[in-house]
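Here the structure is laid out as structure tokens; the discussion comes afterwards.
Here it is as structure tokens:
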């Protein structure tokens, strides 16, 4: 204010507003630059998806034609029809859904209970055991795959969905400890007064957990459910090891199977393989379609997950 | 016998975590221990039993196996290039998106996180094999710079950098979680700090380096560890596919177990390095 008053006396209107204009322009320029960079990054991120969509509807003549890169002259859905059939889509979809939903439910239930124990109940060795849980996240799958396979074989669980479902109900499985971590962080952030009040009213620990804490944990429940669902849906490794029958294959497995069949029939590097690209892209798109639809509906929950569960405090 | 209150509390705690204890013992510690046990044995095809051979598997991995050590070192070198790249990229992106006045920041966040939801390993493999990660813009840049890099930094690093450019899109695809974590961390910086900086006359650049960056260093550490683990447990990793083929195609279970353990140790080494490097730079605000 003082500065403005001082310059007002010297040389006209421009001198009064100049510092403000300069700041404004600089801010706009930098924001513009940030926007441009973000747009570029967005393009890079979305490029493969566009590629997938565009390639999957290309008819063969369009594919060969070098001047056509993105928009086919004669789009066709034959590749989708072939992919649906080749992957036995609806059956595989159901298989994927069973595993993903089942494991997600298991993770929610077990991680909520275990996370609550780690967060709100004092017992000796608590910190150590929690550290152990985080430690399990570091173990690469290949280190334990052979003994795990043998274990499941002894149980008779090979070629069933039990190797996915049972561990998830016990807080294990794909990134299981992460969900425990999420619930622990969340429960830690809740006020103690709720529990104290309930305990004064005579509620036992289990009652406190089930009737009070759990309903409050809806954000964490949703986040864990969604992430477990998506990660299990996209998992290729464990289903590949544990599932043998074609009728039980999940969608990613079917995609891999399709690829292998194409390679066997046509060889790896031939022109015919190139002709298969639309088919494989259509198949890939069908594999990611359910998560994509889920994301279209629930993207807010994914993006706000870190905020809502208080992970980074 | 009525237990003391403290003991009752502890018992309740154990009951709550009992599913996890059972699960960990059964599905993690058991297989881990057995895998360790196996790594010192070899499966004899005559009697289908495991025979103790001491450290032979480990020795073989280092000296006899022409494939394992190069793969391991390659993975190590690759992560040396990838991890800083991922961290710088995700932090920068988080800063850009969190910037005040940027329009459609919500939409950008949705786009940035999208790959995490659709990244099925198989799908990414498909895309890579069809060259969907190859951006012509990037390619034109790399040809010129790769020559310069080779001259100044040596062929090993140049090779890694070239490999990174080929897969750049998909390396960036795996940064969604890190970006999200950084965004949350940035939001957690108290506004009073920025105000104090402004009062002291800091311009935007100075604020970035002297206020924002120090405050997020713990999260940089977190993301670094997460990135290491994420890239090492990616099942289409070269080392992992090799171990897989040794176990399930050559049926050399003992050897595969030893390889798996060495890979596991490498992760530890890398995380150790990350901690050592970052220890000097991490600033914990408000902690004693």
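Residue numbers (our numbering), protein chains in the order written: chain A, 834 to 1146; chain B, 11 to 298.
Glycine residues also receive a C-beta, built at the ideal position from the N, C-alpha and C atoms.
Quick test of your reading: residue 998(A) and residue 939(A), contact by CB under 8 angstroms. State the CB separation rounded to the nearest angstrom.
6 angstroms
Report the residue from 84(B), 89(B) and 49(B) whose alpha carbon sits nearest the alpha carbon of residue 70(B).
Between residue 70(B) and the set 84(B), 89(B) and 49(B), the nearest pair of CA atoms involves 49(B).
Beta carbon proximity, residue 891(A) to chain B, threshold 8 angstroms
no
Can you have a look at residue 213(B) and say buried or exposed, based on whether 16 or more other CB atoms are within 10 angstroms of its CB?
exposed
Is residue 185(B) helix, strand or coil by DSSP?
In the three-state reduction of the DSSP assignment, residue 185(B) falls in the coil class, being assigned neither a helical nor a strand state.
Which residues, in chain order, does the stretch 12-32 of chain B contribute to contact with chain A at a C-beta distance below 7 angstroms?
19, 20, 22, 23, 24, 26, 27, 29, 30 and 32
Span of the beta strand (DSSP E), counted from its first residue to its last, around residue 54(B)
51-54
Spatial neighbours of residue 928(A) within its chain, please: C-beta separation below 7 angstroms, excluding the five flanking residues on both sides.
1081, 1082 and 1083
When you compare the stretch 190-208 of chain B with the stretch 260-269 of chain B, are there three or more beta-carbon pairs, one atom per stretch, that lie closer than 8 angstroms?
By the C-beta criterion, the stretch 190-208 of chain B is judged not to be in contact with the stretch 260-269 of chain B, since fewer than 3 inter-stretch pairs fall below 8 angstroms.
Whose C-beta lies closer than 7 angstroms to the C-beta of residue 1056(A) among residues of the same chain, with five residues either side of it excluded?
1015, 1134, 1138, 1141 and 1142
Look at the alpha carbon of residue 1009(A) and the alpha carbon of residue 907(A), and state the distance between them as a whole number of angstroms.
47 angstroms
Indicate the three-state DSSP secondary structure (helix, strand or coil) for residue 59(B) in the structure shown.
strand
Output needed for residue 972(A): all residues of its chain with C-beta closer than 6 angstroms, excluding positions within five of it in sequence on either side, in chain order.
Cβ within range, chain order: n/a, list empty.
Please say whether residue 180(B) and residue 120(B) have beta carbons closer to each other than 8 angstroms?
Not a contact, by the Cβ cut-off of 8 angstroms.
Give the secondary structure of residue 1109(A) by DSSP, where H, G and I count as helix, E and B as strand, and everything else as coil.
helix
May I have the straight-line CA-CA distance separating residue 1064(A) from residue 933(A), to the nearest angstrom?
8 angstroms
Neighbour list for residue 77(B) in chain A, Cβ cutoff strictly below 7 angstroms:
Result: empty, since nearest Cβ-Cβ is about 15 angstroms, beyond 7 angstroms.
Who are the Cβ neighbours of residue 280(B) in its own chain at under 8 angstroms, not counting the five residues just before and after it?
86, 89, 238 and 242
Distance between residue 1074(A) and residue 17(B) (C-alpha atoms, nearest Å):
When rounded, the distance between both Cα atoms is 44 angstroms.
Could you list the residues in the stretch 1130-1146 of chain A with a C-beta less than 8 angstroms from some C-beta on chain B, going in chain order?
1132, 1135, 1136, 1138, 1139, 1140, 1144, 1145 and 1146
What does the alpha-carbon distance come out to for the pair residue 1098(A) and residue 915(A)?
16 angstroms
Uninterrupted alpha helix (DSSP H) stretches inside the stretch 1006-1049 of chain A (no shorter than 4 residues):
Here the runs fully enclosed are 1009-1021 and 1025-1033.
By Cβ distance below 6 angstroms, which residues in the same chain neighbour residue 1024(A) in space, the five residues on each side in sequence not counted?
none
Where in the stretch 186-223 of chain B do unbroken runs of the alpha helix (DSSP H), each at least 4 residues long, occur, reported from the N-terminal end onward?
Complete alpha helix (DSSP H) runs here, min 4: 186-197, 201-209 and 214-217.
Determine the extent of the alpha helix (DSSP H) in which residue 1141(A) is found, giving its start and end residues.
1138-1141
Proximal chain B residues relative to residue 1125(A), where beta-carbon distance stays under 9 angstroms:
124, 127 and 128, listed in chain order.
Take the Cβ of residue 1032(A) as the centre, count every other Cβ of all protein chains shown within 10 Å, and call the residue buried at 16 or more, exposed below.
exposed
On the criterion of 16 or more Cβ atoms from any shown chain inside 10 Å, does residue 194(B) qualify as buried, or is it exposed?
buried
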